[in-house]
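A.B. asks: Residues in the sequence shown are numbered consecutively from 4, following our numbering.
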Amino acid sequence: MFKTLEELIVVIRKRKESSVEDSYTKKLLSDKNLSVGKVKEEIGELIDEIDKDPKSFFYSKRVHEAADVIYHLMVYLEANNIMIEDVMDELKKRQK
4 MFKTLEELIV
14 VIRKRKESSV
24 EDSYTKKLLS
34 DKNLSVGKVK
44 EEIGELIDEI
54 DKDPKSFFYS
64 KRVHEAADVI
74 YHLMVYLEAN
84 NIMIEDVMDE
94 LKKRQK
């Protein structure tokens, strides 16, 4: 399950170093305003989807929006040189 996240991180980091200008990930990495805008947009869409009807049967739409949030957040962190490994270490420190 978490292997998918690890693979996503690898792809994002490869795009960061690549010259592939037609890559959506590369565009997000290169344009911090676009990246932060997408994070805000996707979080808003997830919240809106959940707030529509908390007991809704549109679970797959919520999962889709949650995946968008995770992807865009991972790209935003990488664009700002925040290593997910450091974030995970911080979360580990907070465990009690």
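Here a beta-carbon is modelled for each residue, glycine too, at the ideal position from N, C-alpha and C.
As an exercise, report each continuous beta strand (DSSP E) stretch of at least 3 residues that is fully enclosed by the region 29-96, in chain order.
C.D. replies: none
A.B. asks: Can at least three beta-carbon pairs, one atom from the region 32-46 and one from the region 61-75, be found at a separation below 8 Å?
C.D. replies: Taking 8 Å as the limit for Cβ pairs, the verdict is that the region 61-75 does touch the region 32-46.
A.B. asks: What number of angstroms, rounded off, separates the C-alpha of S3 from the C-alpha of R18?
C.D. replies: For the chain, the structure presents residues 4 to 99; residue 3 sits outside this window and is missing.
A.B. asks: Taking 8 Å as the limit between beta carbons, can you name the residues of its chain near S21, skipping five residues before and five after?
C.D. replies: One-based indexing of the sequence shown puts residue 21 at position 18. For S21, where only same-chain residues beyond five positions count, the Cβ hits under 8 Å are K29.
A.B. asks: With burial defined as no fewer than 16 other Cβ atoms inside 10 Å of the residue's Cβ, what is the status of Y62: buried or exposed?
C.D. replies: Counting from 1 along the sequence shown, the entry for residue 62 is found at position 59. Y62 is exposed by the Cβ-count criterion.
A.B. asks: Are there 16 or more other CB atoms within 10 angstroms of the CB of L32, so buried, or fewer, so exposed?
C.D. replies: Start at 1 with the first residue of the sequence shown, and residue 32 comes out as number 29. Answer is buried; the Cβ neighbour count reaches 16.
A.B. asks: To the nearest angstrom, how far is the alpha carbon of V23 from that of Y79?
C.D. replies: As a first step, residue 23 must be located in the sequence shown, where it is residue number 20. As a first step, residue 79 must be located in the sequence shown, where it is residue number 76. Looking at the two C-alpha atoms, the distance is approximately 18 Å.
A.B. asks: Along the chain, where does the alpha helix (DSSP H) containing E10 start, and where does it finish?
C.D. replies: Here the question's residue 10 lines up with position 7 in the sequence shown. Note, E10: alpha helix (DSSP H), 5-20.
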